[in-house]
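Protein sequences, first through last, are from chains V and X.
The working numbering applies: residue 4 is where the first sequence begins, and numbers increase by one.
The working numbering applies: residue 257 is where the second sequence begins, and numbers increase by one.
Don't be surprised by glycine CBs; every beta carbon is placed ideally from N, CA and C.
Here's the structure we're looking at; comments come further down.
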Amino acid sequence: MTAAERRAALDARLNEGFAEFDGMILGERERVQSQADEAGSDVMSGNGGGAGGGDQDGQAGGPLIIASAPEGSTGGGIMQAGNVSREGDFSNQQEETFPVPEDIPGGNNDDVVARQLREAAMREPDPELREKLWDEYRAYTGLGQE
Amino acid sequence: MVINMGRLLQPLFVIFLAAGLASCATQTVKSTSFTPIVVDETPPSEAELLDIGIGIFSPGLDDIPKNREELTFSDVRMAETYFASYHLAQALQNSGNWGVVRVIPGDLSSSDVGITGTILQSDGETMRVQVNVRDASGKTWFEKEYEEVVSKYSYDPRMRRNEDAFQGLFNKIANDLLAYKERNISGQDIASIRTISRLQFARDFAPQVFDDYLEENRNGEIEVKRLPAQNDPIMARIENIRERDYLYVDALQDYYSNFVRQMETPYTEFRRMSYEEVMAMDKLQADARRNMIMGVAAILGGLAATQSNNAAAYYSSPVILASGGWLIRDAFNKGDERQMHVEALAELGNSLEMEIAPQTIELEERTITLNGSVEAQYEQFREILADIYANEIGEATSSN
């Protein structure tokens, strides 16, 4: 096995590990969310006041969302998902990215699926395909319904 | 017969003086003002945001003052550690002055800013916590004790503003953090802190690569020695791991959020009722103490009067002695009445413990289970990264 082949094999193992990890965490979060739904509380979307990106109705069976940080001091339930590539940090990004449409908010509220859609859209050189990816993102995060 | 008014009034003077001293010792000043959260006038840019990790507060069960032991219930206190950490995180996140704020059960070294705390006192009336804040370099920002004494209005639903009764305390901590940052932390410091926390995380997963990217200075603080290359592939993989770590921590926030919401109603009701019991107990204790002081003073005054040559003083001595005895007896009665409130509070506390303890145990078990699974995965990631690095070293060596 060449070094490149070995590296590819190790990366494949790492990606398998990531998939397993993601599945474990998402499964756990779904379980907690359904527990919260049974208890009649809105765990993910903060206080029922509607701050941030929470889905107010029909949490059960809806997409998993990561509790959002409100703009200013408008509510609670605000454990925000981490953003790996924080602006201002030294960057490891090599690929070209394309601008985000104006109607798309910051990605701090994105769960894993939304983040993957966002990243795919930002990296897609084909404008038509890129717009389709953003439409998928809008549909998934409920932006189109607002 | 000359009546010496001074000697006649002397015992009475002692009694009044004792009453005055006793009442001074029992004054309690409470503020009903609420500390609002301070929001930075100029919202920080993304590059200026510092993420915060809050450790689960320590329960402080080893340092309970003797006079508060009967007001402290260990299982309730354990639940309060999650409650306090969670509400502090909410206050900080609500301020909008910081990046991501999370409650983290373990090591905080990969957080830009880490906060640890200990609950020193928590009953329906008073909450007192000790807080320590340090950044990723290990530099301590500050260590401070906070106390909040609430009034009955804090439990009035019309006035609570849908917030915790002790929200003001958490807001004070958040405000102090902001004030410290504005006074002492420059933009360059922020960049350095963020880099250090990132490299700390990287070092944890690939020490063979990143061990010498950080060093400790003479003050014991960590400094950046070098930065990874822009296209460092190991760093890119670690960023992917860090994204997973954020997800894991987010899952923990779900646990804590769920737990706090489950305990909130019975816990708030317990605090409201224990506030009333604590108020009654404190008042009875104060009254008992005052009456005891006055009673003793009266008896001493009465005894002095029995020795007096002054007829008026002499003949008033039985009255003074009797009143002194009554005051002392009343002090003991108040003590008994206080004990009834202690028992009522104990019943409230035990009832809440029975409700909360299983939830706390479940939370701890789930956290440990998830953490175990995550750590096992992390170990795998570490092994793979080590193999990748060894492969790259081997490749680099053979190409030379």
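- DSSP, reduced to helix, strand and coil, places X:M383 within a strand of the structure shown.
- Listed as beta-bridge partners of X:V480 by DSSP are X:L470.
- In this structure, X:V295 lies near X:S351, with their beta-carbon atoms less than 8 Å apart.
- The beta carbon of X:F466 lies closer than 7 Å to those of L455, A458, R459 in the same chain, with the five residues before and after it left out.
- Between X:E325 and the set X:E631, X:G557, X:G605, X:N440, the nearest pair of CA atoms involves X:G605.
- Taking a beta-carbon distance threshold of 8 Å, V:L13 counts as an interface residue toward chain X.
- In this model, X:S367 and V:I107 are separated by some 28 Å (Cα to Cα).
- In this structure, X:I310 sits away from X:T337, with a CB-CB distance that is not shorter than 8 Å.
- For X:T562, the three-state secondary structure derived from DSSP is helix.
- With the rule of 3 Cβ pairs closer than 8 Å, the region 290-308 of chain X counts as touching the region 429-446 of chain X.
- Ranked by Cα distance from X:Q518, the first of X:S341, X:A345, X:E611 is X:E611.
- Contact note: X:Q633 reaches chain V through G20, E23, F24, M27, using a C-beta cutoff of 8 Å and chain order.
- Comparing alpha-carbon positions, the option among X:E651, X:I649, X:G650, X:A642 lying closest to V:R16 turns out to be X:A642.
- Contact note: V:R10 reaches chain X through I644, N647, using a C-beta cutoff of 7 Å and chain order.
- Contact between X:V405 and X:W397 is ruled out by a C-beta separation of about 26 Å, above the 8 Å threshold.
- Against X:L306, chain V offers no close residue; the least beta-carbon distance is about 10 Å (beta-carbon pairs closer than 9 Å).
- For X:G362, the closest Cβ of chain V is not nearer than 8 Å.
- Sequence-distant partners of X:Y469 (beyond 5 residues in either direction) whose C-beta falls short of 8 Å from its own C-beta, in its chain, are L455, A458, R459, V480, K481, R482, L483, P484.
- Residue pairing from DSSP leaves X:E611 without any beta-bridge partner.
- Within the region 425-436 of chain X, no residue places its CB atom closer than 8 Å to a CB of chain V.
- In terms of Cβ geometry, X:L601 and X:S530 form a close pair [threshold 8 Å].
- The residues R594, in chain order, have a CB closer than 7 Å to that of X:Q541 in the same chain once the five nearest residues on each side in sequence are set aside.
- Less than 8 Å divides the Cβ of X:G373 from the Cβ of X:A340.
- Looking at the backbone, the Cα of V:A39 and that of V:R32 are separated by about 10 Å.
- X:L317 counts as exposed, since fewer than 16 other C-beta atoms from the protein chains shown sit within 10 angstroms of its C-beta.
- Listed as beta-bridge partners of X:E401 by DSSP are X:Q386.
- In the three-state DSSP reduction, X:V359 falls in the strand class (E or B).
- Out of X:M550, X:R622, X:M596, X:N487, the CA that lies nearest to the CA of X:I584 is found in X:M550.
- Here X:R358 is actually not in contact with X:Y511; their C-beta atoms are around 12 Å apart, not less than 8 Å.
- The criterion of a C-beta distance shorter than 8 Å is satisfied by X:I360 and X:V505.
- A residue is called buried when at least 16 other Cβ atoms come within 10 angstroms of its Cβ; X:F461 meets this threshold and is buried.
- The contact set of X:R493 on chain V, defined by CB atoms closer than 9 Å, consists of D14, L17 in chain order.
- Leaving aside the five residues that flank X:I371 on each side, the residues in its chain whose CB is nearer than 6 Å to its CB run, in chain order, I310, V389.
- X:G316 is outside the set of residues whose beta carbon lies under 8 Å from a beta carbon in chain V.
- Close CB contacts of X:P321 within its chain, under the 8 Å cut and outside five residues either way in sequence, are with Q377 (chain order).
- Look at V:E41: its C-beta is not under 8 Å from any C-beta on chain X.
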